[in-house]
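Just below is one structure, and these are the notes that go with it.
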Ligand code: WTA
């Protein structure tokens, strides 16, 4: 089968930044020139924006690919870079975290206060025998202590593994076991949709004998923040309340410098099959690229901006663009415990108004769910403080992009569509908001210093106007350094396919348009083959979302006797549309609509109107499960779904 992915949809709208935005932007066009002249030297310069206790003399060691070393003979302390140095520079009174709990309680935490808390916690950790190279699992709600926990672990040279608070005891146990964690930091519970959702009880379960696996053996202590006030069991000797030990600890703690390649964290990401992969990131290169990209892509002016990245710290976006990037840059940011729609659908926009958020970074799934409810909800709030918007996690359909810009961004805020992965550690493909003329739906260009290409199965550049596979052709500072405990799987998963060329294979399909801009087409596993044409899920979904009736769409290929695969679409209809139209005949109209928009080859065989789509907990559509429904099979493993009931509802709707 050819890897050429046929391109069918055309997007001609263009949005240049305003002259004022461009004039004040942190990221300028010169960055591209500098990076082109001396790519490795360019990264060295970006890394020098950090504080190094011992400056590096080596920049990149790529003598043993795919195992890279960046800045290897330099030493630094990641937490010092995110905290102490801002206080020492006289910015201790600047607010680091504008925290809002789900019930509406709030806390403003300055850089001085956060530094203090992290120093105390670092002393507690060392008192518990946690030091260089030890693993610490963090299973917490979005509260300031979660950020402090990550930084304190980093400060003492230990390695954190943050496990999203929505994961079950079994998932937690698997991650604790794989990393051999010595300590778990958690809370009694956190607020979610108006209720306390328990966390400590899940930790207790995870550490107990699970289905004959025996009692967990590596964890020595569990440190518990009191947040939810829910009843918890207590294992004396093992369990410690945060409030009993942290405030009492000394706030004197000198940050020791560690070599740049010291492991910083493990973050588990689900592979296509089998057990989750523990993606390993190290210190200097990761922090350098996270901070640089946050500065130039989110255009951070630390003195004036109020930045808000809505991701949970359980995901890579929360690591790089809640904890490390913004704090390394001394930014002020909103941290929110709750969900977008609780207790009312305007909750996020209320926060934007309340805190005067200037830069908002979120996911297409959220934007599409707001589109579904309608513009009257954000319309009730003053969103005029917003000057820049960002998107991450999935392709953003052009129609959702334009809605985001007009309804949330007041028709003027630039949008940066940022492509990257847990594995890449930081943003790799994105516009620079003050430089690039934006195209809705395209992630556009590699970040200065990043080298990517779109190639065919043989690793040959496909040329403008063609689709293929997205690869990264040169090492980058925040690249993963491996899979925890499994170097072979690391090589096999990412490097074997283009071993000859030495390319990193990302697993995504992409297309280069006539200008050479990159359009992401979805995961290669999800690409369909209809009558010999390789069609991307992203394009057909975008065509559906461009219809006035549709808020969200997921497209899959279902086996078909005549065409090999047939396009099957699952769509969610906008509430505003249903208020004034009947759904009769809509499915048929949508079939024809796709045919008109992109051609008869892409016309879905079936269009199912559904109330929800199956999504992972980080908001990505799980097309594999929809393929099961479309092919009339028993639905496969649903344990990674955010809401496991969704599939039975969809199956019933489809019958
Ligand atoms: C997808 C999230 C299109 C892609 C940071 C990638 C995107 C996977 C975009 C990584 C984007 C992420 N446009 N697709 N702007 N951003 N993706 O590890 O398929 O949770 O491979 O990292 O999300 O997801 P992960």
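Numbering (my numbering), first residue to last: 624 to 1278. Glycine included, every Cβ here is placed at the ideal spot set by N, Cα and C.
| query | Does the beta-carbon distance from residue 1011 to residue 975 come in below 8 Å? | reply | no
| field | residue 624 classed as buried or exposed, judged by whether at least 16 other C-beta atoms fall within 10 angstroms | value | In this prediction, residue 624 scores a pLDDT of 41, lower than 50, which makes its location untrustworthy; the coordinate-derived value is nonetheless stated afterwards. It is exposed - the Cβ of residue 624 has fewer than 16 other Cβ atoms within 10 Å.
| query | Taking one C-beta from the stretch 816 to 828 and one from the stretch 839 to 851 each time, how about it: are there three or more such pairs within less than 8 Å? | reply | yes
| message | If you follow the alpha helix (DSSP H) that residue 704 is in, where does it begin and where does it stop? | response | 701 to 705
| 8 Å contact criterion, which residue 1164 and residue 1200 should meet: CB distance rounded | With 8 Å as the limit, residue 1164 and residue 1200 do not qualify as a contact, their Cβ atoms being about 17 Å apart.
| request: Ignoring anything shorter than 3 residues or poking outside the stretch 789 to 825, list the beta strand (DSSP E) runs there in chain order. | output: 806 to 810, 812 to 815 and 818 to 821
| task | Could you name the residues whose beta carbon sits closer than 7 Å to any heavy atom belonging to the ligand WTA, keeping them in chain order? | result | 892, 938, 939, 940, 1014, 1015, 1016, 1017, 1018, 1019, 1040, 1041, 1042, 1043, 1044, 1045, 1046, 1066, 1129, 1130, 1131, 1143, 1145, 1146, 1241 and 1243
| query | Whose CA, out of 916, 682, 1150 and 1022, lies closest to the CA of residue 692? | reply | 682
| said: Relative to the C-alpha of residue 734, which candidate in 746, 707 and 744 has its C-alpha closest? | reply: 707
| Boundaries (first-last residue) of the beta strand (DSSP E) holding residue 1142 | 1141 to 1146
| With DSSP run on the structure shown, which of helix, strand or coil describes residue 1013? | strand
| task | Measure how close the beta-carbons of residue 958 and residue 701 come, nearest whole angstrom, since I'm counting them as under 8 Å. | result | About 19 Å; that fails the 8 Å criterion.
| query | Per DSSP, residue 643 is paired with what? | reply | According to DSSP, residue 643 bridges with nothing at all.
| query | Within 10 angstroms of its Cβ, does residue 1087 collect 16 or more other Cβ (buried), or is it exposed? | reply | exposed
| Around the C-beta of residue 857, are 16 or more other C-beta atoms found within 10 angstroms, so that it is buried, or is it exposed? | exposed
| With DSSP run on the structure shown, which of helix, strand or coil describes residue 940? | helix
| field | Same chain only: Cβ atoms within 8 Å of residue 715, ignoring 5 sequence neighbours per side | value | 709, 733, 734, 735 and 738
| field | Which residues DSSP lists as bridging residue 891, in chain order | value | 901
| What residue range is occupied by the uninterrupted beta strand (DSSP E) comprising residue 760? | 758 to 762
| query | Given residue 1008, which residues of its chain have a CB within under 8 Å of its CB, disregarding the five upstream and five downstream residues? | reply | 929, 975, 976, 979, 980 and 981
| field | Contact check, residue 731 vs residue 874, beta carbons under 8 Å | value | no
| said: Using 8 Å as the cut-off, can you tell me whether the stretch 1120 to 1133 makes contact with the stretch 1177 to 1196, which would need three or more C-beta pairs spanning the two stretches below that distance? | reply: no
| query | Within 10 angstroms of its Cβ, does residue 918 collect 16 or more other Cβ (buried), or is it exposed? | reply | buried
| message | Nearest by alpha-carbon distance to residue 1255: which of 1242, 1266 and 1270 is it? | response | 1270
| said: Let's test the definition: count the other Cβ atoms within 10 Å of the Cβ of residue 1154 and tell me whether it reaches 16, buried, or not, exposed. | reply: exposed
| Could you give the distance in angstroms between the alpha-carbon of residue 1139 and the alpha-carbon of residue 711? | 45 Å
| query | Buried or exposed: which applies to residue 1206, given that a residue is buried once 16 or more other Cβ atoms fall within 10 Å of its Cβ? | reply | exposed
| field | Three or more C-beta pairs below 8 Å linking the stretch 784 to 801 and the stretch 762 to 771 | value | yes
| query | Are residue 1058 and residue 1076 touching if we call contact CB-CB under 8 Å? | reply | no
| request: Note the first and the last residue of the continuous alpha helix (DSSP H) segment covering residue 750. | output: 734 to 750
| residue 1231 by DSSP, collapsed to three states: which one? | strand
| request: Give the range of the alpha helix (DSSP H) segment to which residue 1055 is assigned. | output: Element bounds for residue 1055: n/a, residue is neither H nor E.
| query | Using the C-alpha atoms, what's the distance from residue 753 back to residue 878? | reply | 15 Å
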